[in-house]
Structure formats: structure tokens, C-alpha cells
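Heads up: the structure comes next, in C-alpha cells.
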Amino acid sequence: MKRVAILISGGGSNMLSLLDSMAETGHPATPCLVASNDPNAGGLARAAARGVATAALDHKPFGKDRPAFEAELQKIIAAHAADIICLAGFMRVLTAGFVTPWSGRMLNIHPSLLPKYRGLHTHARALEAGDQEAGCTVHEVTPELDDGPILGQARVPVEADDTPETLAARVLVQEHVLYPAVLRRFASGDRTPVYLP
Ligand code: GAR
């Protein structure tokens, strides 16, 4: 059974979809920790209400010292004996010093069809470009931002009257399907990408 630490920064809807999935009979992974860099992240209370260990590590007191923040985060994750890290709306960039030791064991979900639109404001950028479809990607985390081997993608159509918000909502529905599907496969040792629909 693989132990999964989920890192969040906000409401944690993807985190909840992962917890729901891991609660299913026969799942090859179990949650060991939900941690946030924002002590006020709504997802922390949601995870605690489901009986999952939580931790808050505010990045602000560390200022620009990312390695010091990451060393503390690593200690917390190690204390919960995680085998896999899932970034789920974790909005801090992690340096190579943190990422490299977790190579092949850390996943991220990104709200675009990578390699398009790394970084922020993905939906606004897709609309500005006149894209006919959008989507989300789960990938292995490497030191390059929103890079790394793709483990799954889900596509949605762009509608003529979409705003970044309506498109984000349509993509998020698919994120909640894709991430659990990828984690289930990944935790069982299968890295074959999942393509939805
Ligand atoms: C999700 O849309 C996720 O793809 C995105 O943040 C949202 C978090 O929502 N992640 C990124 O933009 C990472 N760069 P959630 O807290 O409800 O899961």
C-alpha cells in the first residue's frame, strides 16, 4: 500500500477527489497527510473532517529562503512516511533541491493541455489564443515548471461564450476524474498515460 501526501494551497477540491478515490475498496494507495503552505487553506479542515492528518507550514516567515521552507516541508512529509506526493493546487514553486529526491514519486495536476500554457492564467490564455479545446494534465514533477512526463490528460470543448471562470469550472470537473484515475494507476506501478474522455 503506497502512502500519499497531498499538498494544497486552497479549497482542495482535487485533494477531496483523491481522498474519495483512495477510500474505495482495493485502492493501492492510502492518504497519510494533507499539508498546505497557507494555514487558512479551506482544504485543511475538509481533510481533517475525513480523519486525514493535516499540517500547515506557512511559507511567509521564510521570506525568500525557499530551501529553508522546503527543508521543513520535507521533514513533515518524512514524518508521515509518504511514498508519493500529489500536488493538488499547491501554488508554491518547488526548487530542484526538493524535487530531485522525489523524482518519479511526485505528481502534479495543471489546468491546461501541457505543453501548452505552463504557469498561471491558463484558461484566459487558451481563450485569448482562440483554442477550440482546453483541458488538464497530470504529470510527474521535474525541476522545470509544469514539465515532466505526462501521466494523463482530459480534454473539454471551449464554448463560444466562455469566460476564464466558466472554462475553469468545466476543466475542474474533468480534473476530479483524471487525477484519481492517474493516481490509482501510478500507485499500482503503471505509468501508462490516462487519456480522457
Ligand atoms: C486546480 O484547477 C489545479 O489544476 C490548479 O489549481 C486549482 C486548485 O483547485 N493548479 C494549478 O494551477 C497549479 N499550477 P482545488 O484547490 O480546488 O483543487
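In the UniProt record's numbering, the protein residues as written are 1 to 197.
Note that the Cβ used here is the ideal one computed from N, Cα and C, for glycine as well.
Computed from a predicted model, the values in this text were never measured in an experiment.
Task: Reference Met-15; option with closest CA among Leu-44, Pro-39, Met-1 and Glu-24 - done: As a working mapping, residue 15 is identified with position 15 in the sequence shown. When only C-alpha atoms are compared, the closest one is Leu-44.
TODO: May I have the straight-line CA-CA distance separating Val-52 from Val-177, to the nearest angstrom?
DONE: The residue labelled residue 52 in the question sits at position 52 within the sequence shown. The residue labelled residue 177 in the question sits at position 177 within the sequence shown. CA-CA distance, Val-52 to Val-177, rounds to 21 Å.
- [ ] Report yes if the C-beta of Ile-85 is less than 7 Å from at least one heavy atom of the ligand GAR; otherwise report no.
- [x] Translated into positions along the sequence shown, residue 85 becomes position 85. No; taking the cut-off as 7 Å, the Cβ of Ile-85 has no heavy atom of the ligand GAR nearer than that.
Task: Cα-Cα separation between Gly-148 and Ala-134, rounded to whole angstroms - done: Taking the first residue of the sequence shown as 1, we reach residue 148 at position 148. Taking the first residue of the sequence shown as 1, we reach residue 134 at position 134. The alpha-carbon atoms of Gly-148 and Ala-134 are separated by roughly 19 Å.
Task: Counted within 10 angstroms of its Cβ, other Cβ atoms place Met-1 as buried (16 or more) or exposed - done: Position 1 of the sequence shown, counted from the first residue, corresponds to residue 1. It is exposed - the Cβ of Met-1 has fewer than 16 other Cβ atoms within 10 Å.
Open item on the list: Using the Cβ count rule (16 or more neighbours within 10 Å means buried), how would you classify Gly-97?
Closed with: By 1-based counting over the sequence shown, the position of residue 97 is 97. Result: exposed.
- [ ] Kindly confirm or deny that the segment 100-115 and the segment 26-34 touch, where touching means at least three C-beta pairs closer than 8 Å.
- [x] Verdict: no, contact absent.
Task: Length-filtered (3 minimum) beta strand (DSSP E) runs lying within the segment 44-97 - done: Counting whole runs of 3 or more residues, the segment 44-97 contains the beta strand (DSSP E) stretches 54-56 and 84-87.
Task: Residues that DSSP places opposite Val-194 in a beta bridge - done: Taking the sequence shown and counting its residues from 1, one reaches residue 194 at position 194. Answer by DSSP bridge pairing, in chain order: Gly-152.
Task: Arg-111 beta carbon near the ligand GAR (any heavy atom closer than 7 Å) - done: Here the question's residue 111 lines up with position 111 in the sequence shown. Rather than Arg, the amino acid found at residue 111 in this sequence is Pro. Because some heavy atom of the ligand GAR lies under 7 Å away, the Cβ of Pro-111 counts as near it: yes.
Task: Thr-137 - containing alpha helix (DSSP H), residue span - done: Residue mapping note: residue 137 aligns to position 137 of the sequence shown, counting from 1. Membership of Thr-137 in any alpha helix (DSSP H) is not indicated; the residue belongs instead to the beta strand (DSSP E) covering 133-140.
Task: Gly-148 CB to nearest heavy atom of the ligand GAR below 7 Å - done: Taking the first residue of the sequence shown as position 1, residue 148 is located at position 148. The answer is no for Gly-148.
Open item on the list: Considering only heavy atoms of the ligand GAR, does any lie closer than 7 Å to the CB of Ile-8?
Closed with: Here residue 8 is taken as the residue at index 8 of the sequence shown, counted from 1. Distances between the C-beta of Ile-8 and the heavy atoms of the ligand GAR include at least one below 7 Å.
Open item on the list: Any heavy atom of the ligand GAR closer than 7 Å to the beta-carbon of Glu-144?
Closed with: Locating residue 144 in the sequence shown gives position 144, counting from the first residue. Checking the Cβ of Glu-144 against the ligand GAR gives no.
Task: Proximal residues to Thr-54 (C-beta, below 6 Å), its chain only, five neighbours per side dropped - done: Numbered from 1 along the sequence shown, position 54 holds the residue referred to as residue 54. If we look at Thr-54 and ignore the five residues flanking it on each side, its Cβ neighbours are Val-34, Leu-44, Ala-47 and Ala-48.
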